[in-house]
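A.B. asks:
In this note's numbering, the protein residues as written are 8 to 322.
(1) Would you mind reading off the limits of the alpha helix (DSSP H) that contains residue 268?
(2) Tell whether a beta-carbon distance below 8 Å holds between residue 99 and residue 171.
(3) Rounded to the nearest angstrom, how far is the Cβ of residue 309 from that of residue 62, given a contact under 8 Å?
(4) Among 114, 202, 193, whose alpha-carbon lies nearest the alpha-carbon of residue 314?
(5) Pick from 162, 198, 250, 35: whose alpha carbon is nearest that of residue 112?
(6) State whether the region 287-294 contacts the region 48-68, with contact taken as three or more CB pairs (one from each stretch) at a distance under 8 Å.
(7) So what's residue 66 in DSSP terms, helix, strand or just coil?
(8) Straight-line CA distance for residue 153 to residue 225?
(9) Reducing DSSP to helix, strand and coil, say where residue 15 ends up.
(10) Rounding to the nearest angstrom, what Cα-Cα distance links residue 253 and residue 234 in this structure?
(11) Is it true that the CB of residue 221 sits closer than 8 Å to the CB of residue 244?
(12) Less than 8 Å between C-beta atoms, sequence neighbours within five positions excluded: which residues of the same chain meet that for residue 175?
(13) Going by other Cβ atoms of all chains shown within 10 Å of its Cβ, with 16 needed for buried, is residue 214 buried or exposed?
(14) Pick helix, strand or coil for residue 35, following the three-state DSSP scheme.
(15) In chain order, what residues of the same chain have a beta carbon less than 7 Å from the beta carbon of residue 69, not counting five sequence neighbours either side?
(16) When the Cβ atoms of the region 76-95 are set against those of the region 201-220, are three or more pairs found closer than 8 Å?
(17) Hey, quick one: how far does the alpha helix (DSSP H) through residue 225 stretch, first residue to last?
(18) Select from 264, 219, 279, 268 the residue whose C-alpha is nearest the C-alpha of residue 251.
(19) If you compare alpha carbons, which of 54, 311, 37, 227 is closest to residue 102?
(20) Could you check what DSSP says for residue 295 in three-state terms: helix, strand or coil?
(21) Between the Cα of residue 39 and the Cα atoms of 109, 93, 311, 277, which residue gives the shortest distance?
(22) Just checking my contact of residue 33 with residue 106 at CB under 8 Å: how many whole Å lie between their CB atoms?
(23) With burial defined as no fewer than 16 other Cβ atoms inside 10 Å of the residue's Cβ, what is the status of residue 104: buried or exposed?
(24) Taking residue 125 as part of the alpha helix (DSSP H), name the residues at either end of that continuous run.
(25) Round the Cβ separation of residue 166 and residue 64 to the nearest angstrom and send it over; I've been treating them as touching at under 8 Å.
(26) Which of the three DSSP states, helix, strand or coil, is assigned to residue 303?
(27) Write down the C-beta distance between residue 207 and residue 259 rounded to the nearest angstrom, noting that I regard them as a contact closer than 8 Å.
(28) Evaluate residue 277 with the Cβ neighbour count: other Cβ atoms within 10 Å of its Cβ, from every protein chain shown; 16 or more gives buried, anything less gives exposed.
(29) Short of 7 Å in beta carbon distance, which residues of its chain neighbour residue 67, apart from the five on each side in sequence? Order them along the chain.
(30) Flag this pair as yes or no: are the beta carbons of residue 158 and residue 47 separated by less than 8 Å?
(31) Using the three-state DSSP reduction, which class does residue 95 fall into: helix, strand or coil?
(32) Which residue from 285, 210, 237 puts its Cα closest to that of residue 180?
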């Protein structure tokens, strides 16, 4: 179980050591990992192709003498790409499920053995509730960490690279430059706010573990509490811990709102600038209405996974 020191940051060296320690658990099923990654790449190519097909649909429908068969074929292609992106993502999760669950099982067993190897003093001074809650939280964290690193960070980087490349080739370098700048500002702002949020989240988890420890230890020592008539004292002590947790939880929830508003502001500014540039191109005859639709679809689609950047960074 890992505890942050005063100089630990959420994305510090200890986090990379954690990932390095988890690699052997992943490589036990290396073929499953590789197949899952291939499905991931397939899903991203399908997702990036959707705005391109949408552009051609709009442009063909704008033609006064366009044959109906062409838009219909493109519409079927659009639907097929939507299906492929979802199907590849689901197949990826199916293939990788065994890898994740086996890693959780093996790490859980290692922690269990480690706890049994500790000295008698540790167990005599045990905080059973807090330890149990930390183990539970750690098991959930393994699943989140593996999924987010492999299936959130990597595909998001692939998608950003593909979108920037397409905008650079199809339009102008300014489109690609603004896209990358907006993404950089978005990520930097998300990391900055998440650093603040992590402290609040850590405080909330500490209060949660403390309250759980007091509840479990009080119930384990039920006879002693009953013998000395300390029920009211135990209830008051437990309520104080819950009150501290409540305050921390409210601050944590408020910080989520701050993060969401900041992210929405950056997204709105970025999309507005790009659409103004694309609209000028349409008015000047350099771009089509389909190009405008494609730019909008690219940006909205690209920012969907970035919405989870704060969660990914904190994990």
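Positions of the beta carbon are idealized from the N, C-alpha and C atoms, including for glycine.
C.D. replies: Reading it off the structure:
(1) Here residue 268 refers to the residue found at position 261 of the chain shown. Note, residue 268: alpha helix (DSSP H), 238-290.
(2) Here the question's residue 99 lines up with position 92 in the chain shown. Here the question's residue 171 lines up with position 164 in the chain shown. Not in contact: residue 99 and residue 171 (Cβ atoms no closer than 8 Å).
(3) The sequence position of residue 309 within the chain shown is 302, counting from 1. The sequence position of residue 62 within the chain shown is 55, counting from 1. Contact flag wrong, Cβ pair sits at about 15 Å.
(4) Taking the chain shown and counting its residues from 1, the one referred to as residue 314 is at position 307. Closest option to residue 314, Cα to Cα, is 193.
(5) Within the chain shown, residue 112 is the residue found at index 105, counting from 1. Checked all of 162, 198, 250, 35; the closest Cα to residue 112 is 35.
(6) no
(7) Here residue 66 refers to the residue found at position 59 of the chain shown. Three-state DSSP puts residue 66 in a helix.
(8) Translated into positions along the chain shown, residue 153 becomes position 146. Translated into positions along the chain shown, residue 225 becomes position 218. Taking the straight line joining both Cα atoms gives about 36 Å.
(9) For the purposes of this step, residue 15 is identified with residue 8 of the chain shown, where counting begins at 1. Because the pLDDT of residue 15 is 43, which lies under 50, any placement of that residue in the model is unreliable, and the number read from its coordinates should be weighed accordingly. Of the three classes helix, strand and coil, the one that applies to residue 15 here is coil, per DSSP.
(10) For the purposes of this step, residue 253 is taken as residue 246 along the chain shown, with counting starting at 1. For the purposes of this step, residue 234 is taken as residue 227 along the chain shown, with counting starting at 1. Looking at the two C-alpha atoms, the distance is approximately 31 Å.
(11) Locating residue 244 in the chain shown gives position 237, counting from the first residue. Locating residue 221 in the chain shown gives position 214, counting from the first residue. Yes, Cβ-Cβ distance for residue 244 and residue 221 is below 8 Å.
(12) If you number the chain shown from 1, residue 175 lands on position 168. The residues are 182, 183.
(13) Along the chain shown, one-based indexing puts residue 214 at 207. The residue is buried, with at least 16 neighbouring Cβ atoms inside 10 Å.
(14) Here the question's residue 35 lines up with position 28 in the chain shown. If DSSP states are grouped into helix, strand and coil, residue 35 belongs with coil.
(15) Counted from its first residue, the chain shown places residue 69 at position 62. Cβ neighbours of residue 69 beyond the five flanking positions: 296.
(16) no
(17) In the chain shown, the residue the question calls residue 225 occupies position 218. 180-227 is the span of the alpha helix (DSSP H), which, as asked, contains residue 225.
(18) For this step, residue 251 is matched to residue 244 along the chain shown. The shortest Cα separation from residue 251 among 264, 219, 279, 268 belongs to 219.
(19) Residue mapping note: residue 102 aligns to position 95 of the chain shown, counting from 1. Taking only the C-alpha atoms, the option nearest residue 102 is 37.
(20) Residue numbering aside, residue 295 sits at position 288 when the chain shown is read from its first letter. Residue state, collapsed to three classes: coil.
(21) As a position in the chain shown, residue 39 is number 32, starting the count at 1. For residue 39, the nearest C-alpha among the options comes from 109.
(22) Here residue 33 refers to the residue found at position 26 of the chain shown. Here residue 106 refers to the residue found at position 99 of the chain shown. Residue 33 to residue 106, Cβ: 6 Å. Contact.
(23) If you number the chain shown from 1, residue 104 lands on position 97. Residue 104 should be labelled exposed.
(24) For the purposes of this step, residue 125 is taken as the residue at position 118 of the chain shown. No alpha helix (DSSP H) contains residue 125, which DSSP labels as neither H nor E.
(25) Sequence index remark: in the chain shown, residue 166 carries index 159 (1-based). Sequence index remark: in the chain shown, residue 64 carries index 57 (1-based). About 21 Å; that fails the 8 Å criterion.
(26) Taking the chain shown and counting its residues from 1, one reaches residue 303 at position 296. Residue 303 falls in the helix class under three-state DSSP.
(27) Start at 1 with the first residue of the chain shown, and residue 207 comes out as number 200. Start at 1 with the first residue of the chain shown, and residue 259 comes out as number 252. Contact flag correct, Cβ pair sits at about 5 Å.
(28) The residue given as residue 277 occupies position 270 in the chain shown. Flag for residue 277 reads buried.
(29) What you label residue 67 is simply residue 60 of the chain shown in a count that begins at 1. Correct list, in chain order: 73, 77, 78, 81.
(30) Numbered from 1 along the chain shown, position 151 holds the residue referred to as residue 158. Numbered from 1 along the chain shown, position 40 holds the residue referred to as residue 47. In contact: residue 158 and residue 47 (Cβ atoms closer than 8 Å).
(31) Taking the chain shown and counting its residues from 1, the one referred to as residue 95 is at position 88. If DSSP states are grouped into helix, strand and coil, residue 95 belongs with the helices.
(32) Position 173 of the chain shown, counted from the first residue, corresponds to residue 180. Of the candidates 285, 210, 237, the one whose C-alpha sits nearest the C-alpha of residue 180 is 285.
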